[in-house]
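Below: one structure, written as structure tokens.
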Amino acid sequence: MIDIHSHILCNLDDGPRTLEQSLELARLAVQEGITMILATPHHRNGRYLNEAHAIIEAVAVFQEQLNQNQIHLKVCHGQEIRVYPQLIDDYDDGSLLTLHGSSYMLIEFSTGKLPERMDEMIYELSLMQITPIIAHPERNREIADQPDKLLRMIELGALSQLTSHSITGKFGSHTKRLAMELCKRNLVHFIASDVHDAIHRPFHLQQAYDSVRRLLGDDYVTYYQQNAEHVIRNTPIERWTPAVKRRSRFSLQRVLNILGT
-2 MIDIHSHILC NLDDGPRTLE QSLELARLAV QEGITMILAT PHHRNGRYLN
48 EAHAIIEAVA VFQEQLNQNQ IHLKVCHGQE IRVYPQLIDD YDDGSLLTLH
98 GSSYMLIEFS TGKLPERMDE MIYELSLMQI TPIIAHPERN REIADQPDKL
148 LRMIELGALS QLTSHSITGK FGSHTKRLAM ELCKRNLVHF IASDVHDAIH
198 RPFHLQQAYD SVRRLLGDDY VTYYQQNAEH VIRNTPIERW TPAVKRRSRF
248 SLQRVLNILG T
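Position 244, counted from 1, in the sequence shown is what this note's numbering calls 241; the numbers after and before it change by one each time, with no gaps.
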């Protein structure tokens, strides 16, 4: 398996504090069947600044440690970029990373409101041949209340990635129901762990795939796993047609008929 979203590098964000903790996560990844992982430290989220050069260096150092400890895991560089007004300019300046140097960029929102002018930003990124992947949209309250706002961004060219714990139910039953609704509506393109530590935020990526397989079938699991491979290869993914949520059959016309108007 390929995990496109992780906080496995130590001392960069709210992930591991020590090298040994990072190595422990790497061992757990291998046990779970993960062969390649993208290290995506937080950037510009109000707490952490992790620019491109620092991440690339940290990945190289960590890969050497993995090799020395005979842990058979390939680590690639990336960022989890909080959307901010200067994002386009900073990408031009070289301080932002795409995933594994591909045309795919992992972005995130706050848990509250969506950023302003997202339509414009998605369009501007497309002009630069960059496809944004929206991390854990199911954890944004505005999308949770109005999933069609995610549909709009996907129609404009964005992709989305759910967190494994959202699917397994660790983040609560409401988030799990929303996550499965987004999957059923073809508004999801990736599942990733967003791993932070071995205890509270482990991988559970295989568990998430197993849940999807039970509820939606093998085709969905294959789709998500192949899309992760497309990111590594920097090749286009197949976009399944999003489903528009059906309106209630209890329509306004039925109300009027009941009232006799």
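Where a beta carbon is used, it is the ideal one built from N, C-alpha and C, also for glycine.
State buried or exposed for residue 217, treating a residue as buried only when at least 16 other CB atoms are found within 10 Å of its CB.
-> buried
Within the chosen definition, does the segment 55 to 67 reach the segment 156 to 172 through at least 3 CB pairs nearer than 8 Å?
-> Touching, no.
Measuring CB to CB, does residue 72 end up less than 8 Å from residue 56?
-> yes
4-residue-minimum alpha helix (DSSP H) runs that sit fully inside the segment 13 to 37, ordered along the chain | 16 to 29
Roughly how many whole angstroms lie between the Cα atoms of residue 241 and residue 18?
-> Their backbone Cα atoms lie some 43 Å apart in a straight line.
In terms of residues, what are the limits of the beta strand (DSSP E) holding residue 187?
-> Unbroken beta strand (DSSP E) run through residue 187: 187 to 189.
At which residues does the beta strand (DSSP E) containing residue 73 begin and terminate?
-> That run of the beta strand (DSSP E) goes 71 to 74.
Excluding the five sequence neighbours on either side, which residues of its own chain have a C-beta within less than 8 Å of the C-beta of residue 183, listed in chain order?
-> 237, 238, 239 and 240
Can you list, in chain order, the residues of its chain whose CB lies under 7 Å from that of residue 226, leaving out five sequence neighbours each side?
-> Once the five neighbours on either side are set aside, the close Cβ partners of residue 226 are -1.
Skipping 5 residues on each side, what residues in its chain have a beta carbon closer than 7 Å to that of residue 193?
-> 4, 11 and 12
Quick one: residues in its chain with C-beta nearer than 7 Å to the C-beta of residue 231, no 5 flanking neighbours on either side, listed in chain order?
-> 99 and 100
So what's residue 259 in DSSP terms, helix, strand or just coil?
-> No statement about residue 259 is possible, as the shown extent of the chain runs from -2 to 258 and does not include it.
For residue 133 versus residue 105, is the C-beta spacing smaller than 8 Å?
-> yes
Where does residue 194 sit, in a helix, a strand or coil, going by DSSP?
-> coil
What did DSSP end up calling residue 111 once you bin it into helix, strand or coil?
-> coil
Is residue 131 helix, strand or coil when you go by DSSP?
-> strand
With DSSP as the reference, label residue 145 as helix, strand or coil.
-> helix
Since I believe residue 221 is in contact with residue 196 (beta carbons under 8 Å), could you give me their beta-carbon distance rounded to a whole number of angstroms?
-> About 26 Å separates the Cβ atoms of residue 196 and residue 221, ruling out a contact at the 8 Å cut-off.
Exposed or buried, what is residue 8 when buried is set at 16 or more other beta-carbons lying within 10 Å of its beta-carbon?
-> exposed
Hey, could you find the ends of the alpha helix (DSSP H) residue 162 is sitting in?
-> 161 to 165
Environment of residue 15 [buried if 16+ CB atoms lie within 10 Å] | exposed
Return the residue from the list 40, 204, 214 and 199 that minimises the CA-CA distance to residue 93.
-> 40
With burial defined as no fewer than 16 other Cβ atoms inside 10 Å of the residue's Cβ, what is the status of residue 82: buried or exposed?
-> Classification of residue 82: exposed, given that the 10 Å Cβ count is below 16.
Inter-residue spacing [alpha-carbon to alpha-carbon] between residue 168 and residue 137 = 13 Å
To the nearest angstrom, report how far apart residue 174 and residue 117 are at their CA atoms.
-> 30 Å
Does the distance from the C-beta atom of residue 52 to that of residue 228 stay below 8 Å?
-> no
Secondary structure of residue 50, DSSP reduced to three states = Shown here, residue 50 sits in a helix according to DSSP, grouped into three states.
Can you give me the Cβ contacts of residue 122 inside the same chain, cut-off strictly under 6 Å, excluding the 5 residues immediately before and after it?
-> Counting only Cβ-Cβ distances below 6 Å, and skipping sequence neighbours, we find 129.
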